[in-house]
Amino acid sequence: MLANFRGEVAALSAALIWAAASVVYTGVGQQVSPLVLNLVKGLIAIALLLLTLLLFGKLLPSASPMPVLLLLLSGVIGIGMGDTAYFAALNSLGARRALVLESLSPPLGAFLALVFLQEQLAPLAWLGIALTIAGVTWVVLERSPQPNGTLTHPPLRGIIAGLVAAVGQAIGAVLSRAALAGTDVDPLWSTLIRLLAGILILLIWFSAQKHPIQKLAPLRSHKLWGIIIMAAFASTYLGIWLQQIALKYAPTGIAQSLSATSPLFVIPFAIATGEKVSLRAVFGAAIALVGVWLLFVR
4 MLANFRGEVA
14 ALSAALIWAA
24 ASVVYTGVGQ
34 QVSPLVLNLV
44 KGLIAIALLL
54 LTLLLFGKLL
64 PSASPMPVLL
74 LLLSGVIGIG
84 MGDTAYFAAL
94 NSLGARRALV
104 LESLSPPLGA
114 FLALVFLQEQ
124 LAPLAWLGIA
134 LTIAGVTWVV
144 LERSPQPNGT
154 LTHPPLRGII
164 AGLVAAVGQA
174 IGAVLSRAAL
184 AGTDVDPLWS
194 TLIRLLAGIL
204 ILLIWFSAQK
214 HPIQKLAPLR
224 SHKLWGIIIM
234 AAFASTYLGI
244 WLQQIALKYA
254 PTGIAQSLSA
264 TSPLFVIPFA
274 IATGEKVSLR
284 AVFGAAIALV
294 GVWLLFVR
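Quick note on this note's numbering: the sequence shown kicks off at 4 and runs consecutively.
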């Protein structure tokens with residue numbers, strides 16, 4: 004039965020991986036700029052993908068030009084622009100507020116897929132998307148007490164970066180869906196194409212920076228390299244591969260909504276480590292899980 008929901012299962016698996024990776028990247032982002040972090044993790048993932056494709060004998064698959072062009076555009080917009088903006092939002096807003104803005108991506112992706120791909124969703128699926136995103140947002144918006152008891156206002160630059168990330172990833176997802184749905188393009192190979200396009204843009208962007216070599220100084224740390232390699236393996240190599248599987252076998256809005264459930268996976272980890280979890284967080288998770296259930300039974 005799971006074979007009928009392989010896209011949905013892949014999206015939830017990606018969300019689980021990204022939940023753990025977001026915590027790691029928040030810490031790493033204090034030492035490495037968003038552009039450098041996105042570039043390095045992408046290069047590591049490309050090396051892993053090339054090795055995997057070589058082992059599977061799929062290094063040079065046949066594909067028509069249009070899906071390849073769509074995947075290249077998806078990589079430029081979704082990875083080159085969207086992911087870099089997301090890391091900037093993480094640095095500026097923190098994981099919680101950045102994830103709130105990220106929750107705009109699934110409904111936007113579903114709307115764009117409806118307009119440009121004529122991808123129709125049943126009313127129950129739209130309800131599931133709405134409940135999933137509402138529950139996730141409810142969990143993420145839970146207020147954290149400030150040390151001095153004051154409220155903090157998010158900087159405008161971080162909000163803009165978060166919005167750019169949401170739009171970029173929504174457009175990237177729709178382009179990937181257009182390239183993958185109804186074609187014989189392999190998700191693993193499409194992951195490589197997207198990453199190559201995204202990294203090319205990042206390399207051009209990086210080269211245009213003032214004193215680019217100086218921005219690589221934090222990478223002299225072997226410990227930091229180890230953390231980035233492990234995170235890149237999980238979040239970029241496995242995570243984007245799973246996302247491509249999700250977009251191949253599930254409609255855009257559903258795949259994006261399930262991929263956005265990362266904050267829910269943080270709750271069990273918090274409980275396991277003895278952290279106190281509020282009733283609000285549990286209630287929000289319950290709402291989101293109802294939405295997830297609707298996406299499976301639609």
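All C-beta atoms in this analysis are idealised placements derived from N, C-alpha and C, irrespective of residue type, glycine included.
| said: Tell me the rounded alpha-carbon separation between TRP129 and THR194. | reply: If you number the sequence shown from 1, residue 129 lands on position 126. If you number the sequence shown from 1, residue 194 lands on position 191. Straight-line measurement puts the Cα of THR194 at about 27 Å from the Cα of TRP129.
| query | Buried or exposed: where does PRO266 fall if 16 or more other Cβ atoms within 10 Å of its Cβ makes it buried? | reply | Locating residue 266 in the sequence shown gives position 263, counting from the first residue. Under this definition PRO266 is a buried residue.
| query | Going by the CB atoms, is the gap between LEU53 and ALA182 shorter than 8 Å? | reply | On the sequence shown, position 179 is the one that residue 182 refers to. On the sequence shown, position 50 is the one that residue 53 refers to. No, they are not a contact pair.
| task | Output yes or no for whether 8 Å exceeds the beta carbon distance between ILE290 and ALA137. | result | On the sequence shown, residue 290 is found 287 positions in, with the first residue counted as 1. On the sequence shown, residue 137 is found 134 positions in, with the first residue counted as 1. Contact flag set, yes.
| What's the gap between the Cα of PHE119 and the Cα of SER260? | As a first step, residue 119 must be located in the sequence shown, where it is residue number 116. As a first step, residue 260 must be located in the sequence shown, where it is residue number 257. Take the alpha-carbon of PHE119 and the one of SER260: they are about 19 Å apart.
| request: Assign GLN33 to buried or exposed, taking buried as 16 or more other Cβ atoms, counted over all protein chains shown, within 10 Å of its Cβ. | output: In the sequence shown, counting from the first residue as 1, residue 33 sits at position 30. Result: exposed.
| Can you list, in chain order, the residues of its chain whose CB lies under 8 Å from that of ALA288, leaving out five sequence neighbours each side? | On the sequence shown, position 285 is the one that residue 288 refers to. Only GLY138, VAL142, LEU267, ILE270 meet the Cβ criterion.
| query | From SER36 to ILE231, what distance separates their C-alpha atoms? | reply | Position 33 of the sequence shown holds residue 36. Position 228 of the sequence shown holds residue 231. Rounded to the nearest whole angstrom, the CA to CA distance from SER36 to ILE231 is 13 Å.
| query | Using the rule of at least 16 other Cβ atoms within 10 Å of the residue's Cβ for burial, across every protein chain shown, is TRP296 buried or exposed? | reply | Numbered from its first residue, the sequence shown carries residue 296 at position 293. An exposed status is given to TRP296, since fewer than 16 other beta-carbon atoms sit within 10 Å of its beta-carbon.
| Burial state of MET233, where buried means 16 or more other Cβ atoms lie within 10 Å | One-based indexing of the sequence shown puts residue 233 at position 230. Exposed.
| field | Cβ-based burial, LYS213 [other Cβ within 10 Å; buried from 16] | value | Sequence index remark: in the sequence shown, residue 213 carries index 210 (1-based). LYS213 comes out exposed.
| said: If we require 4 or more residues per run, which alpha helix (DSSP H) segments fall completely within the segment 104-147? | reply: 108-120, 126-143
| request: If I'm right that TRP192 touches LYS279 with Cβ under 8 Å, what's the distance once you round it to whole angstroms? | output: Here residue 192 refers to the residue found at position 189 of the sequence shown. Here residue 279 refers to the residue found at position 276 of the sequence shown. Contact doesn't hold; Cβ gap of about 45 Å is too wide.
| message | I'd like to check one pair, VAL79 with GLY201: are the Cβ atoms closer than 8 Å? | response | Taking the sequence shown and counting its residues from 1, the one referred to as residue 201 is at position 198. Taking the sequence shown and counting its residues from 1, the one referred to as residue 79 is at position 76. When the beta-carbon positions are compared, GLY201 and VAL79 come within less than 8 Å of each other.
| task | Please determine if the segment 77-96 and the segment 162-177 are in contact, where contact requires at least 3 C-beta pairs separated by less than 8 Å. | result | yes
| said: For LEU70 and VAL188, which I take to be in contact (beta-carbon distance under 8 Å), what is that distance rounded to the nearest angstrom? | reply: In the sequence shown, residue 70 corresponds to position 67, counting from 1. In the sequence shown, residue 188 corresponds to position 185, counting from 1. Per the sequence presented here, residue 70 reads as Pro, with Leu not at that position. About 5 Å separates the two Cβ atoms, so the contact holds.
| request: Might you give, ordered along the chain, the residues of its own chain that have their beta carbon closer than 7 Å to the beta carbon of PRO215, omitting 5 neighbours on each side? | output: Working through the sequence shown from its first residue, we reach residue 215 at position 212. Excluding sequence neighbours, PRO215 sits near PHE209.
| message | Here's the rule: buried if 16 or more other CB atoms are within 10 angstroms of the residue's CB, otherwise exposed. What is LEU154? | response | In the sequence shown, the residue the question calls residue 154 occupies position 151. The predicted position of LEU154 is uncertain, since its pLDDT is 45 and thus under 50; a value taken from the coordinates is nonetheless stated next. Burial call: exposed.
| task | Helix, strand or coil for LYS44, going by three-state DSSP, please let me know. | result | Numbered from its first residue, the sequence shown carries residue 44 at position 41. When secondary structure is reduced to three states using DSSP, LYS44 falls in the helix class.
| Looking at LEU241 and ILE20, is the spacing between their C-beta atoms short of 8 Å? | Walking along the sequence shown from the start, residue 20 turns up at place 17. Walking along the sequence shown from the start, residue 241 turns up at place 238. Cβ atoms of ILE20 and LEU241: closer than 8 Å.
| field | Boundaries (first-last residue) of the alpha helix (DSSP H) holding LEU93 | value | Translated into the one-based positions of the sequence shown, residue 93 becomes position 90. From DSSP, the alpha helix (DSSP H) with LEU93 extends over 87-96.
| message | Measuring only the C-alpha atoms, how far is ASN7 from LEU117? | response | For this step, residue 7 is matched to residue 4 along the sequence shown. For this step, residue 117 is matched to residue 114 along the sequence shown. Their backbone Cα atoms lie some 22 Å apart in a straight line.
| Own chain, CB closer than 6 Å to GLY277, minus 5 neighbours either side, in chain order | The count along the sequence shown starts at 1 and reaches residue 277 at position 274. So no residue of the chain qualifies.
| message | To the nearest angstrom, how far is the alpha carbon of GLY185 from that of GLU105? | response | Stepping through the sequence shown from its first residue, residue 185 is reached at position 182. Stepping through the sequence shown from its first residue, residue 105 is reached at position 102. Distance between the alpha carbons of GLY185 and GLU105: 28 Å.
| request: Taking GLY81 as the reference, give the member of LEU203, THR140, SER16 with the closest Cα. | output: By 1-based counting over the sequence shown, the position of residue 81 is 78. Per the Cα distances, LEU203.
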